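Taking it in order: structure first as structure tokens, then the write-up.
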Amino acid sequence: MQKFLTPNIIVLDMDVSVTFTLNGKQVIVKAPAAKSLLRVLREDLGITSVKPGCEAGECGACTVLMDGEAVTSCLVMIVQAEGHQIVTAEGLVKDGKLDPLQEAFVEEGASQCGYCTPGFIISAKGLLLEKPNPSENEILEAIGGNICRCGAYPRIINAIKKVGGEQH
Amino acid sequence: MNYSQYVVHSPQNLNEALGILKEKASEIRLISGGTDVMVLIKDNIIKEKELLNLSFLNELRYIHEEGNTIKIGALITYKELEKSKVVNLNAPILVDASKTIGAAQIQNLGTLAGNLGNASPAGDSIPPLYVLNASVKLQSADSERVVPVSEFFLGPRKTKRAPNELITEIAIEKTKPGLYYFFKKLGLREANAISLVSVACIADLDQYKKVNSIKLALGAVAPTVMFAVKSEKLATDKQLDLNLVDEIARSVSEEISPITDIRGSAEYRRRAAYGLVYEGLYEVLMGTAKRVSGSFEGVY
Numbered sequence: 103m104q105k106f107l108t109p110n111i112i113v114l115d116m117d118v119s120v121t122f123t124l125n126g127k128q129v130i131v132k133a134p135a136a137k138s139l140l141r142v143l144r145e146d147l148g149i150t151s152v153k154p155g156c157e158a159g160e161c162g163a164c165t166v167l168m169d170g171e172a173v174t175s176c177l178v179m180i181v182q183a184e185g186h187q188i189v190t191a192e193g194l195v196k197d198g199k200l201d202p203l204q205e206a207f208v209e210e211g212a213s214q215c216g217y218c219t220p221g222f223i224i225s226a227k228g229l230l231l232e233k234p235n236p237s238e239n240e241i242l243e244a245i246g247g248n249i250c251r252c253g254a255y256p257r258i259i260n261a262i263k264k265v266g267g268e269q270h
Numbered sequence: 023m024n025y026s027q028y029v030v031h032s033p034q035n036l037n038e039a040l041g042i043l044k045e046k047a048s049e050i051r052l053i054s055g056g057t058d059v060m061v062l063i064k065d066n067i068i069k070e071k072e073l074l075n076l077s078f079l080n081e082l083r084y085i086h087e088e089g090n091t092i093k094i095g096a097l098i099t100y101k102e103l104e105k106s107k108v109v110n111l112n113a114p115i116l117v118d119a120s121k122t123i124g125a126a127q128i129q130n131l132g133t134l135a136g137n138l139g140n141a142s143p144a145g146d147s148i149p150p151l152y153v154l155n156a157s158v159k160l161q162s163a164d165s166e167r168v169v170p171v172s173e174f175f176l177g178p179r180k181t182k183r184a185p186n187e188l189i190t191e192i193a194i195e196k197t198k199p200g201l202y203y204f205f206k207k208l209g210l211r212e213a214n215a216i217s218l219v220s221v222a223c224i225a226d227l228d229q230y231k232k233v234n235s236i237k238l239a240l241g242a243v244a245p246t247v248m249f250a251v252k253s254e255k256l257a258t259d260k261q262l263d264l265n266l267v268d269e270i271a272r273s274v275s276e277e278i279s280p281i282t283d284i285r286g287s288a289e290y291r292r293r294a295a296y297g298l299v300y301e302g303l304y305e306v307l308m309g310t311a312k313r314v315s316g317s318f319e320g321v322y
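Protein chains in written order, with the numbering used here: chain A, 103 to 270; chain B, 23 to 322.
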């Protein structure tokens, strides 16, 4: 651990100020422009439902809604969030009540270790916002970018069907 | 991960962007949807320390219909292609391919222009663009030119784009109503997998299944996406039957020049190419393949 800076190191402040809406509230955050939305949410804003997994867009654990569409927040530079609406699992809770989708995940026991759960819920939410009654195939496509290493897929799919599927 | 080492320029319009690009040229890295570049930043394997963030150039967010051509602005995402009525009706092969790229999260971020700029031989939107006779518009502060997509790529990660140029638009030809088409790919996972082989095909057959013309483009089997020219010639003016399906698929598997890499061997890729082409043409023969509906309503 470096305790002091040597005189020939120049520290440039290259942080930018970014304004966006997070779970319905406007936030202004100062961060390095190229920092990922994922890292800013976790490290600077304390939003810990958003999980770092692969940080390469392959696992879906960091999925958030950007203007109502599911995106992997590891692939969004914080400057690109300027002016956008970001929603995380925390934002689905209204007046202390869980979203029906979150309730369904609880009722179906759709998680084991739970690390992937917020990402799955947000992916499913993105789908239901676009198609309130998705087919099974549409559900599978919507969560295709999310990985659950415990293998809770059947329960996850059941939970999503419970809220939005054609067959209840 | 030292994010502070990067300076990000976020121009608000095209002129501003082209001005920055003129000044910085090869010292700056373009970033649009971020689905490729953010991974490089995370792995710290990007040599440029300045980034040109294109995401605010809203003037490049359009899909225009102009006669027999569809013009697609550089900021159009895969998801926007999937939702576009004019693309669905007149270039459905591009919709089918877009739906297979990455997963929903990637399709919401990634752009068609970004897939071209990234120039991976396995870019899944590229074979469809080949068979759609696409062209790429390159703009700089002082010039503008249009390059056919089949001439745009020079090799893996290499294109004809000069460092001071920006891909601003992709133009595709509408496919004639009634033509058969298919896009097929093989990856190691259904979502978020880089293709081992991908095939795009548009075929014009008469009512007795005689091949009037056919276009076959393949991805991930050569330094750039390629047309299977010999196989196209072999098929033209012939009656499509099971023998010809087998012959064309075999010809394609021999015409490609795949390499062995982390995802699969060259021999596996040849067999996979045979399989994908056979499957697609078999569906054309059996009449179960998709056909272009086509329409010129002008409503998106």
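Glycine included, every Cβ here is placed at the ideal spot set by N, Cα and C.
Computed from a predicted model, the values in this text were never measured in an experiment.
One thing to note: residue 32 of chain B has its Cβ within 8 Å of the Cβ of residue 181 of chain A. Take residue 97 of chain B, set aside five residues on each side of it, and the residues of its chain with a beta-carbon closer than 8 Å to its own are 54, 76, 77, 79, 80, 82, 83, 133, 135, in chain order. Only 124, 125, 126, 127, 128, 130, 131 from the region 104-134 of chain B bring a Cβ to less than 7 Å from some Cβ of chain A.
Taken atom to atom, the span from the alpha-carbon of residue 312 of chain B to that of residue 244 of chain B is near 27 Å. In the structure shown, residue 144 of chain A falls within a helical segment according to DSSP collapsed to helix, strand and coil. Inside the region 254-305 of chain B, DSSP marks whole alpha helix (DSSP H) runs of 4 or more residues at positions 264-277, from first to last along the chain. In the three-state reduction of the DSSP assignment, residue 175 of chain B falls in the strand class, which pools E and B. For residue 130 of chain B, no beta strand (DSSP E) encloses it; the enclosing alpha helix (DSSP H) starts and ends at 126-131. Counting C-beta pairs with one atom in each stretch, the region 149-156 of chain B and the region 204-224 of chain B have three or more that are closer than 8 Å, which means they touch. Legend: CB atoms of the region 176-205 of chain A lying less than 7 Å from CB atoms of chain B belong to residues 176, 177, 178, 179, 181, 182. Restricted to the region 30-72 of chain B, the beta strand (DSSP E) segments that are unbroken, complete and at least 3 residues in length are 50-53, listed in chain order. Listed in chain order, the non-local C-beta contacts of residue 145 of chain B below 8 Å within the same chain comprise 137, 138, 241, 247, local neighbours out to five positions each way being set aside.
Residue contact with chain A for residue 312 of chain B: absent (no Cβ-Cβ distance below 8 Å to any residue of chain A).
Judged by DSSP in its simplified three-state form, residue 196 of chain B adopts coil rather than helix or strand. About 6 Å separates the CB atoms of residue 74 of chain B and residue 43 of chain B; that is less than 8 Å, so the two are in contact.
Residue 195 of chain A counts as exposed, since fewer than 16 other beta carbons sit within 10 angstroms of its beta carbon. When only Cα atoms are considered, residue 169 of chain A and residue 122 of chain A end up about 11 Å apart.
Residue 76 of chain B is not bridged by DSSP to any residue. With its beta carbon less than 8 Å from one in chain A, residue 29 of chain B belongs to the interface.
At a cut-off of 8 Å between beta-carbon atoms, residue 261 of chain A makes no contact with chain B. At a cut-off of 8 Å, the C-beta of residue 265 of chain A has no neighbouring C-beta in chain B. For residue 128 of chain A, the secondary structure class from DSSP, reduced to helix, strand or coil, is strand. For the region 205-220 of chain B, residues whose beta-carbon sits nearer than 8 Å to a beta-carbon of chain A comprise 212, 213, 214. Under the three-state reduction of DSSP, residue 238 of chain A is assigned to helix. Where residue 166 of chain B is concerned, the enclosing beta strand (DSSP E) starts and stops at 166-170. In the DSSP secondary-structure assignment, residue 187 of chain A is bridged to A/123. In this structure, residue 248 of chain A sits away from residue 159 of chain A, with a CB-CB distance that is not shorter than 8 Å. At a cut-off of 8 Å between beta-carbon atoms, residue 100 of chain B makes no contact with chain A. The region 269-281 of chain B makes no contact with the region 193-212 of chain B: fewer than 3 CB pairs, one atom from each, lie closer than 8 Å. Rounded to whole angstroms, residue 281 of chain B and residue 290 of chain B show a C-alpha spacing of 10 Å.
The C-beta of residue 216 of chain A comes no closer than 8 Å to any C-beta of chain B.
When C-beta distances to chain A are compared with 8 Å, the residues of the region 50-62 of chain B below that value are 53, 55, 56, 57, 60, 61, in chain order. Against chain B, a Cβ distance below 9 Å from residue 253 of chain A picks out nothing, because the smallest value is about 15 Å. For residue 81 of chain B, no beta strand (DSSP E) encloses it, and the DSSP letter there is neither H nor E.
Within the region 133-150 of chain A, the residues whose Cβ lies closer than 7 Å to any Cβ of chain B are, in chain order, 134, 135, 136, 137, 138.
For residue 235 of chain B, the enclosing beta strand (DSSP E) has its first and last residue at 233-241.
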